[in-house]
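K.L.:
Residue numbers (the working numbering): 2 to 291.
#1: Just confirm the distance between the C-beta atoms of residue 36 and residue 224, as a whole number of angstroms; I'd bet it's less than 8 Å.
#2: Just curious, the alpha helix (DSSP H) that residue 254 is in, first and last residue?
#3: Which residue's Cα is closest to the Cα of residue 164: 144, 137, 172 and 148?
#4: If distances are taken between C-alpha atoms only, which option among 115, 121 and 77 comes closest to residue 101?
#5: Under 7 Å Cβ to Cβ from residue 85, same chain only, skipping five residues before and after it: list those, please.
#6: I'd like the span of the beta strand (DSSP E) that includes residue 128, first residue to last.
#7: Report yes or no: do the segment 145-158 and the segment 122-129 share at least 3 C-beta pairs separated by less than 8 Å?
#8: Going by beta carbon distance, what residues of the same chain come within less than 8 Å of residue 5, once the five residues before and after it are set aside?
#9: Quick one: what's got a C-beta closer than 7 Å to residue 182's C-beta in the same chain, skipping five residues either side?
#10: Could you tell me whether any Cβ in chain D is nearer than 8 Å to the Cβ of residue 225?
#11: Which parts of the segment 54-87 are runs of the beta strand (DSSP E), unbroken and 3 residues or longer, counting only runs that do not cross its ends?
#12: Pull up the CB-CB distance for residue 58 and residue 185, whole angstroms please, since I reckon it's below 8 Å.
#13: Using DSSP's beta-bridge definition, name the partner residues of residue 170.
#14: With 16 other CB atoms within 10 Å as the buried threshold, where does residue 142 fall?
#15: What does a CB cutoff of less than 7 Å around residue 1 pick up in its chain, not counting 5 residues either side in sequence?
#16: Kindly indicate the opening and closing residues of the alpha helix (DSSP H) around residue 242.
#17: Could you work out which residue in 111, 210 and 248 is closest to residue 49 when comparing CA atoms only?
#18: Expressed to the nearest angstrom, what Euclidean distance is found between the alpha-carbon atoms of residue 118 and residue 234?
#19: Helix, strand or coil for residue 214 per DSSP?
#20: Looking at the structure shown, is residue 156 part of a helix, part of a strand, or coil, going by DSSP?
#21: CB residue 113 to CB residue 190, shorter than 8 Å?
#22: Take the Cβ of residue 237 as the centre, count every other Cβ of all protein chains shown within 10 Å, and call the residue buried at 16 or more, exposed below.
#23: Compute the beta-carbon to beta-carbon distance between residue 226 and residue 247, rounded to the nearest angstrom, for a pair I have assumed lies under 8 Å.
#24: Can you say whether residue 63 is buried or exposed, counting buried as having 16 or more other CB atoms within 10 angstroms of its CB?
#25: Verify whether the separation of the beta carbon atoms of residue 207 and residue 94 is less than 8 Å.
#26: Which residue wins for smallest C-alpha separation from residue 41, given the options 74, 108 and 150?
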C-alpha cells in the first residue's frame, strides 16, 4: 500500500492562516505575525497619534487606563490571538506560555519605540484630521474581522494610514526636534503588556477554552467591539465603551454544549469535515481576522 505524504496544514483549516503559516513558518511565528502586525502596518502608530492610547475613564476615585486596555485587548490581542493560541499552537500549556512570552518581548519593545517616535511625527500633523483617518482604520479592521468578503472591498490599513498622513501633514510647521512623552510610552508598554497577559491567560486556560469557546461568535463580537472603538474615536460613543462590549462578546461566546459535542467520537470526523464559520460563508471567510 502506498501512503501519500500530505504537506502539513494549518490545523484550524483557515485558508488565510494557512497562507501566513506557509510564509512565516510555525505557529509561534504565526502568533508573532498576528500580534506584531499592528506595529508594522501603521495601525498602532495611528492610534497613538489619535490619542486613543491615552484615553482614561474615571470610575469613582479610580482612573482606569481604558485606552491601553482597549488597544491591548482589541488590536494586539482579540480574536486573532485567541484563534492562533487555541487552534494553531501545539504543545502543553508551558510550551504555549513560553511561545507567548517569546513574542511578547519584541511586542513591548516595538510598542515603546513607536510611542517614543509618535510625538515627533505629531508635531507636523493636524491631529484633528488624522484622528478621523485613525477611526476609519479601526472601522475597516472591524469590517475585515466580521467578514473577509467585506474586507475585499476595503483598502488595507496601511493605505488608509498613508492617506491620513498626506491629508493631515503641515509642512510649514515641520520640525526635526525629537520629543518624547513619557506618559504615551508608559501607555504603549502597558497596552503591549495587556496583550501578552491576555495571550498568556488564553494559553494557560487552553484545555478548558478549547471546548467552551465558540471562536466564530468571539470573532464577530470582537468585530463589534472594534467598531465601538472606532465610534469612540469619532466621538459618537463614550470613551472606553469598547471594553464592556468586548467582555460581553467573550461571555456570549461561551458555549458549554460545545464541550459535550467534542466528547462524542462520532462527531470528531464531522467536525473536521464541516466548514468552519458562519452558515453561508465560503472558505475565504473562515479567518478574516488574519
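Beta carbons: idealized from backbone N, C-alpha and C, even for Gly.
P.N.:
Reading off the structure:
#1: Translated into the one-based positions of the chain shown, residue 36 becomes position 35. Translated into the one-based positions of the chain shown, residue 224 becomes position 223. Contact flag wrong, Cβ pair sits at about 18 Å.
#2: One-based indexing of the chain shown puts residue 254 at position 253. Element bounds for residue 254: n/a, residue is neither H nor E.
#3: If you number the chain shown from 1, residue 164 lands on position 163. With distances taken between Cα atoms, residue 164 lies closest to 137.
#4: Start at 1 with the first residue of the chain shown, and residue 101 comes out as number 100. Of the candidates 115, 121 and 77, the one whose C-alpha sits nearest the C-alpha of residue 101 is 77.
#5: In the chain shown, counting from the first residue as 1, residue 85 sits at position 84. Hits under 7 Å: 28, 31, 32 and 35.
#6: As a first step, residue 128 must be located in the chain shown, where it is residue number 127. Looking at the DSSP string, residue 128 is not in any beta strand (DSSP E); the run it does join, the alpha helix (DSSP H), is 128-147.
#7: They do not touch, by the three-pair rule.
#8: The sequence position of residue 5 within the chain shown is 4, counting from 1. Bear in mind that a pLDDT of 39 at residue 5, under 50, signals an unreliable position, so the number given afterwards is only what the model happens to contain. Once the five neighbours on either side are set aside, residue 5 has no close Cβ partner at all.
#9: Looking up residue 182 in the chain shown gives position 181. Close CB contacts of residue 182 within its chain, under the 7 Å cut and outside five residues either way in sequence, are with 120 (chain order).
#10: No chain D is present in this structure, which holds just one protein chain.
#11: Complete beta strand (DSSP E) runs here, min 3: 58-60 and 63-65.
#12: For the purposes of this step, residue 58 is taken as the residue at position 57 of the chain shown. For the purposes of this step, residue 185 is taken as the residue at position 184 of the chain shown. That belief does not hold up - the Cβ atoms of residue 58 and residue 185 are roughly 18 Å apart, past 8 Å.
#13: Indexing the chain shown from 1 puts residue 170 at position 169. Answer is 126.
#14: Numbered from 1 along the chain shown, position 141 holds the residue referred to as residue 142. Residue 142 should be labelled buried.
#15: There is simply no residue 1 to check, as the chain begins at 2 and stops at 291 in what is shown.
#16: Position 241 of the chain shown, counted from the first residue, corresponds to residue 242. Looking at the DSSP string, residue 242 is not in any alpha helix (DSSP H), and its letter there is neither H nor E.
#17: Within the chain shown, numbered from 1, the residue matching residue 49 stands at position 48. The shortest C-alpha separation from residue 49 is found at 111.
#18: Walking along the chain shown from the start, residue 118 turns up at place 117. Walking along the chain shown from the start, residue 234 turns up at place 233. When rounded, the distance between both Cα atoms is 21 Å.
#19: Taking the chain shown and counting its residues from 1, one reaches residue 214 at position 213. Note: residue 214 maps to strand in three-state DSSP.
#20: Position 155 of the chain shown, counted from the start, is the residue given in the question as residue 156. Residue 156 sits in coil when the DSSP states are folded into three classes, being neither helix nor strand.
#21: Mapped onto the chain shown, residue 113 falls at position 112. Mapped onto the chain shown, residue 190 falls at position 189. In this structure, residue 190 lies closer than 8 Å to residue 113 by Cβ.
#22: In the chain shown, residue 237 corresponds to position 236, counting from 1. The residue is exposed, with fewer than 16 neighbouring Cβ atoms inside 10 Å.
#23: Residue numbering aside, residue 226 sits at position 225 when the chain shown is read from its first letter. Residue numbering aside, residue 247 sits at position 246 when the chain shown is read from its first letter. Indeed, because the Cβ distance is near 4 Å, the residues count as touching under 8 Å.
#24: Numbered from 1 along the chain shown, position 62 holds the residue referred to as residue 63. Exposed: under 16 other Cβ atoms inside 10 Å.
#25: As a position in the chain shown, residue 207 is number 206, starting the count at 1. As a position in the chain shown, residue 94 is number 93, starting the count at 1. Going by C-beta atoms, residue 207 is nearer than 8 Å to residue 94.
#26: For the purposes of this step, residue 41 is taken as the residue at position 40 of the chain shown. Taking residue 41 as reference, the option from 74, 108 and 150 with the minimal CA-CA separation is 108.
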